[in-house]
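Right, one structure below, let's go through it.
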Amino acid sequence: MQSHTVEPEQAQARREYYDRISQQNLTPLWEVLGRLVTPTPASPAVAALWRYAEIREPLMEAGRLITAAEAERRVLVLENPALRGRSAITQTLYAGLQLVLPGEVAAAHRHTQSALRLLLEGDAAYTAVDGERTTMRRGDFILTPSWTWHDHGNPGTQPAIWLDGLDVPLVQFLDASFSERSSVATQLPVRPEGDSLKRYGANMLPVDHKVTGVSPSPVFVYPYERTRESLLGIAQGEPDKHLGFKLRYVNPATGGSPMPTIGAYAQRLPRGFETRAYRCTDGAVYVCLEGSGHAEINGTTHSFGPNDIFIVPSWNELRIHATTDTHLFSFSDRPVHQALGLWRESRE
Ligand code: GTQ
Numbered sequence: 009m010q011s012h013t014v015e016p017e018q019a020q021a022r023r024e025y026y027d028r029i030s031q032q033n034l035t036p037l038w039e040v041l042g043r044l045v046t047p048t049p050a051s052p053a054v055a056a057l058w059r060y061a062e063i064r065e066p067l068m069e070a071g072r073l074i075t076a077a078e079a080e081r082r083v084l085v086l087e088n089p090a091l092r093g094r095s096a097i098t099q100t101l102y103a104g105l106q107l108v109l110p111g112e113v114a115a116a117h118r119h120t121q122s123a124l125r126l127l128l129e130g131d132a133a134y135t136a137v138d139g140e141r142t143t144m145r146r147g148d149f150i151l152t153p154s155w156t157w158h159d160h161g162n163p164g165t166q167p168a169i170w171l172d173g174l175d176v177p178l179v180q181f182l183d184a185s186f187s188e189r190s191s192v193a194t195q196l197p198v199r200p201e202g203d204s205l206k207r208y209g210a211n212m213l214p215v216d217h218k219v220t221g222v223s224p225s226p227v228f229v230y231p232y233e234r235t236r237e238s239l240l241g242i243a244q245g246e247p248d249k250h251l252g253f254k255l256r257y258v259n260p261a262t263g264g265s266p267m268p269t270i271g272a273y274a275q276r277l278p279r280g281f282e283t284r285a286y287r288c289t290d291g292a293v294y295v296c297l298e299g300s301g302h303a304e305i306n307g308t309t310h311s312f313g314p315n316d317i318f319i320v321p322s323w324n325e326l327r328i329h330a331t332t333d334t335h336l337f338s339f340s341d342r343p344v345h346q347a348l349g350l351w352r353e354s355r356e
């Protein structure tokens, strides 16, 4: 609303009018327009950082209080400090830390929410997706696309801890949640481990592979070993001023994002490198896989080291300073913005 002078009588008449029409579930646009149609994104989410060293112990404590079987998924949800109670790390994304202790399984289920895992600790746990198991190593990026059956297990001797990333708030917003539990806790393998990576993840596709409709990636794992090799291999060149050496994970059959609602990225920042100020409309969750540094988000500095997790909400100004050679994994809702023609970035 433009600022006009309003006589007290007029103001009173308006308030009475608003109250009266409110009974008919009506409200005057001119009182809210400025908050609805903002000149630039005004996310209610705020930047935040979780230090792994500080959240690991509470997660292990959950391991002593509840079994994976009882919890179905033993996860501590990372809630945006400004969105408490909504299980949301940004307006569209969910993130949590999942613990599976040696010998435990998390039973098979499926849901319309798309999910990713980023393994932080342990080296023997697996995720099975539609009958194919993948053993997860640190830094591995694993998918469980919408409506695929998935279960987890840890046949090793050490606790397994990974970051879960899902589009829970987005699917909730769209009222599109469906889920079901499988009649079996652990899926019987129908293909050998590594099968999908061999078929789809070697710059080749089965000769008759067809892409139909909204296709999630046919590979379920992007091993960190490979990602790391790529990041090191390209780091001889000139880094992008705003992004350093940044790659996006792709669906090898389409070139699109691994899942329709979630994009994922890996980035190397050489020691001493400082990115220039950058904004984009997608809100992102970052995980430090190697190295350390500081993320300056809308003017506030957050220092990070291995396994620390931080969020950069939509249109927040980001500058990252790498103290040592640093590798960051991140995921965001960028594919949704792009599909809807809403994605923008700004580079200073
Ligand atoms: O592992 O399937 O953090 O269904 C939230 C919902 C993990 C999972 C979460 C899930 C899962």
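Count along the sequence shown from 1, then add 8; that gives the number in my numbering. We put the beta carbon where it would ideally sit given N, CA and C, even for glycine.
Per DSSP, residue 253 is one residue of the beta strand (DSSP E) stretching across 253 to 256.
Here the segment 209 to 226 makes no contact with the segment 127 to 140; the two share fewer than three CB pairs at distances below 8 Å. When C-beta atoms of the segment 327 to 339 are compared with those of the segment 281 to 293, three or more pairs fall below 8 Å, so the two segments count as touching. Taking each of 95, 189, 234, 219 in turn and checking the Cα distance to residue 176, the smallest one comes out for 95. Nearest C-alpha to residue 306 among 298, 327, 146: 327. For residue 243, the three-state secondary structure derived from DSSP is coil.
Annotated three-state conformation of residue 353 is strand, per DSSP. If you look at residue 190, you'll find it isn't in any alpha helix (DSSP H); DSSP assigns it neither H nor E.
Look at residue 83: its beta carbon is less than 6 Å from one of the heavy atoms in ligand 1.
Residues of the same chain with a CB within less than 7 Å of the CB of residue 61, apart from the 5 flanking positions on each side, do not exist. Note that the C-beta distance between residue 319 and residue 56 is below 7 Å.
In the DSSP assignment, residue 29 falls within the alpha helix (DSSP H) that extends over 16 to 30. Under the rule that a run must span 3 or more residues, the beta strand (DSSP E) segments found entirely inside the segment 96 to 183 read 102 to 108, 113 to 119, 123 to 129, 134 to 137, 140 to 143, 149 to 152, 158 to 161, 168 to 174. Residue 179 has its alpha-carbon roughly 32 Å from the corresponding atom of residue 311.
Taking a cut-off of 8 Å on C-beta distances, the segment 28 to 42 does not touch the segment 69 to 84, as fewer than three cross pairs fall below it. Taking each of 161, 167, 126, 46 in turn and checking the Cα distance to residue 151, the smallest one comes out for 126. In this structure, residue 279 sits near residue 333, with a CB-CB distance shorter than 7 Å. For residue 353, the closest alpha carbon among the candidates 136, 287, 53, 243 is that of 287. Taking the Cα positions, residue 162 is about 12 Å away from residue 194. A straight-line Cα-Cα distance of about 18 Å links residue 147 and residue 265. By the 16-neighbour rule on beta-carbons within 10 angstroms, residue 102 is buried. Relative to the Cα of residue 272, the nearest Cα in the group 343, 248, 218 belongs to 343. Less than 7 Å separates the beta-carbon of residue 104 from that of residue 172.
Residue 308 and residue 239 have their C-alpha atoms spaced approximately 28 Å apart. The way I'd put it, the segment 205 to 219 does touch the segment 251 to 262; three or more beta-carbon pairs between them come closer than 8 Å. The distance from the Cβ of residue 140 to that of residue 197 is about 7 Å, consistent with a contact at the 8 Å cut-off.
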